[in-house]
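As structure tokens, the structure follows; a few thoughts come after it.
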Amino acid sequence: MEDLSLPFFGINQYFLRNFNAPSMKKNQKAPTSPIEGSKKKELEKNKKPKLPSTRILLIFFAILIGNYLLVNYFFPNKEPAINIPYSLFKEQVAKGNVKAVYTKGELITGKLENEITYTRLDPNKKEKQTRSEEVSHFTTTIPSFAEQGLETLLEEKGVEIVADPIVDDSFSIWSIMAYFGPALLIILFYVWLFRKAKGQGGIGGMMGMGQSKAKRFDQYTDTKVNFDDVAGIDEAENELVEIVDFLKNPEKYTRLGGTAPKGVLLLGPPGTGKTLLARAVAGESGVPFFSMSGSEFVEMIVGVGAARVRDLFRVARENAPAIIFIDELDSIGRSRGQYVMGGASEQEQTLNQILTEMDGFSSKEGIIVLAATNQPGILDKALLRAGRFDRRIVVNPPDKTGRIAILQVHTRKVPLSDDFSYEEIANATPGFTGADLKNLVNEAALQAAKENNSKVTPKHFMAALEKIVLGPERPILLTKEDKERIAYHESGHAILGLLVPGADPVNRVSIVPRGQALGITYQRPDKEKYNYEEEYLRARIIGILGGRSAEEVVFGTKTTGAENDIQQATEIARAMVTRWGMSKDLGLIQLSGSRNEYLGVNYGQKPYSEDTAKRIDAEVVRIIQECHEEAKKLLKKHRKALDLLAQTLLEKENLNEEEILKVTGLPPAPKLISRKMNPE
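Letter by letter, the sequence shown follows residues 127 to 806 in the working numbering.
This is the structure:
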């Protein structure tokens, strides 16, 4: 029977925005032998490395040429010096046209103030031809018979004599580095990068990015969790006990031809204990256990996710038998082809690698993949087929017996008072998951510590329950008129909870502001419900609309305090029409579209036309209007009880179930009578 995802707690809140109770409602080749594997590795090791392809060499050559051209463009060489006769040099000195000179032995290099035209024989021509050149930098040689006094002449003409060469025509190692150094660095980095990537499984392997981030469970140093720490989910636990037994005693199953399942998928709402079960498997199995979240596979660099998958399975094979646990599988196991904002291609590559790896190992290797998700509807079909995740284990919220067992586990180290009753707390927490119950025990212990008590009492548990479900009390100054309206609003909910057949018992009414609510009516079923009758759903809507109806009956006006009530009533009425076939007009048609049964959210397009949408809206309006009229009718009929309850609330602010029954003089709501049709 489908979990209808209605909240177990009916909490009708005044002046509350968006505060809802938690919803409860191929054949494979045989593996090679170690000898064959070692031979294969040796052959691969001795294989000669391939030469770089022509394309790579051309790219490297282009980088070098480009580097040379860029250096010449941005850092051009100084103008080359032209060799001129010594006589021409002295002539230019005498004219004062020499700006600076540098001497080294008999060689003089220098720079002219103004360019001159020098005509000389062209050494490249066989015939005697002359060539004219513009000279600004020059070199010349002092002849051995030259007269003394050149230095004096230079000083007289104001020629600067410098210590460093004016023109450096040498081709030093620094020139080579300037021309080709940057390009060589780029090429060397490229070679290093891809050698590193080749050794670590792709470009993502650089600097360890391609290495798996899986945490290995150490039975000696990590906190050990075993199946004794898991309670309330016996069916799921029994399935995993069998997996652990297979790893410990494989011969027990293989002697009859059985093989271990390759993968086990844990499904269920958040907080039900999927990750705790995986940790218990790690503690019980005694084999290497590698755990990793699905989101840890995908990074910004393309290829990292697939590389990490390869590395994770490689490490698991090296340590087989072993268990791999992937939490939040939906983050990488989403159906291929779906539009995802950013990272879709990387996510699909990672998923493809997981599919390949799960096909690539044999059951005889002793590797089992555990995964957990609360969104099975979006997982890729190839991931869920037999041969990958062979088993699916549903982990549901615990029933009353399960809650008692969970409370016993979490209160092992909590000193409890003699009057504490596990059954009482279990009855008060229908729909609570294991995580919720753990939080409840912790809040109760904190409450007792705050009051300096030596033991935790039922009173502390109920205070913690109210804080979790209803929210913490908050001081707020309300006017007399506001308090009176809130009191009547909450009294309307409570009175209808006593009058409408099938309504859940009213456990508490309060006009003390909690969280975002200014008043709260707390209804809790006396037993868990997994199948709802139409009359019960209508009773829920009537009770939810009791607050607005009371305001209209008493004050004749409407306020915004019924916002949350209207939202809850609309959701139930729409579900009756679109999901459960309780519409007189539309009949037995499923119109709600795709829905996540564990998170309670709808996604995808509406599977109906605009005309059908109008008919749906009309049916929803009809159901709510009928329930609204019924609520006002009942409140008018029992106006005296309504006034008494409201006045008592104004005095005491909080009332429990016994006090509500005593003040109103009304009995609890009658049970729905099951009507069995007689055969005609």
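Backbone N, C-alpha and C fix where the C-beta goes; we use that ideal spot for every residue, glycine too.
The structure displayed is predicted, hence computed values, not measured ones.
Following the continuous beta strand (DSSP E) through residue i, name the residue where it begins and the one where it ends.
i	result
residue 690	Per DSSP, residue 690 belongs to no beta strand (DSSP E); it is in the alpha helix (DSSP H), 689 to 704.
residue 230	224 to 230
residue 494	493 to 499
Does residue i come out as helix, strand or coil in the three-state DSSP assignment?
i	result
residue 773	helix
residue 244	strand
residue 674	helix
residue 482	helix
residue 239	strand
residue 163	Bear in mind that a pLDDT of 39 at residue 163, under 50, signals an unreliable position, so the model cannot answer this.
residue 514	coil
residue 798	coil
residue 351	coil
residue 215	helix
residue 262	strand
residue 341	strand
residue 791	coil
residue 170	At residue 170 the pLDDT is 46, less than 50, meaning the model places this residue with poor confidence and gives no usable figure here.
residue 599	strand
residue 714	coil
residue 522	coil
residue 357	coil
residue 268	coil
Less than 7 angstroms between the beta carbons of residue i and residue j, yes or no?
i	j	result
residue 432	residue 501	no
residue 210	residue 266	yes
residue 449	residue 423	no
residue 672	residue 596	no
residue 429	residue 521	no
residue 771	residue 789	yes
residue 435	residue 373	no
residue 548	residue 532	no
residue 517	residue 356	no
residue 556	residue 794	no
residue 189	residue 309	yes
residue 238	residue 262	yes
residue 746	residue 700	yes
residue 219	residue 236	no
residue 286	residue 207	no
residue 411	residue 370	yes
residue 215	residue 313	no
residue 409	residue 352	yes
residue 629	residue 570	no
residue 358	residue 559	no
Between which two residues does the alpha helix (DSSP H) holding residue i run?
i	result
residue 379	377 to 380
residue 389	Element bounds for residue 389: not the alpha helix (DSSP H) but the beta strand (DSSP E), 389 to 393.
residue 441	430 to 444
residue 608	606 to 625
residue 741	736 to 763
residue 544	Careful: residue 544 lies outside any alpha helix (DSSP H) and carries neither H nor E.
residue 535	526 to 536
residue 374	360 to 374
residue 460	That residue, residue 460, is in no alpha helix (DSSP H); it is neither H nor E in DSSP.
residue 561	560 to 576
residue 408	400 to 411
Name, in chain order, the residues that DSSP records as bridge partners for residue i.
i	result
residue 634	648, 782
residue 419	453
residue 286	226
residue 448	493
residue 315	Looking at the DSSP assignment, residue 315 forms no beta bridge with any residue, so it has no partner.
residue 582	542
residue 680	Bridge partners of residue 680: none, in fact.
residue 505	460
residue 657	None; residue 657 has no bridge partner.
residue 640	599, 643
Going by the C-beta, is residue i closer than 6 angstroms to any heavy atom of the ligand FMN?
i	result
residue 492	The ligand FMN is absent from the structure shown, which contains no ligands of any kind.
For residue i, would you say it is in contact with chain B, using Cβ-to-Cβ distances shorter than 7 angstroms as the test?
i	result
residue 544	No chain B appears in the structure shown, which is made up of a single protein chain.
So does the stretch 470 to 486 actually touch the stretch 405 to 415, counting three or more Cβ pairs closer than 8 angstroms?
no
Determine contact between the stretch 778 to 785 and the stretch 689 to 704, defined as no fewer than three beta-carbon pairs at a distance below 8 angstroms.
no
With three or more C-beta pairs closer than 8 angstroms as the rule, is the stretch 579 to 599 touching the stretch 533 to 547?
yes
Are the stretch 600 to 613 and the stretch 648 to 655 touching by the rule of at least three beta carbon pairs closer than 8 angstroms?
no
Are there three or more Cβ pairs, one per stretch, closer than 8 angstroms when the stretch 674 to 687 is compared with the stretch 700 to 714?
no
For the structure I just gave you, are there three or more beta carbon pairs, one from the stretch 754 to 769 and one from the stretch 588 to 603, closer than 8 angstroms?
no
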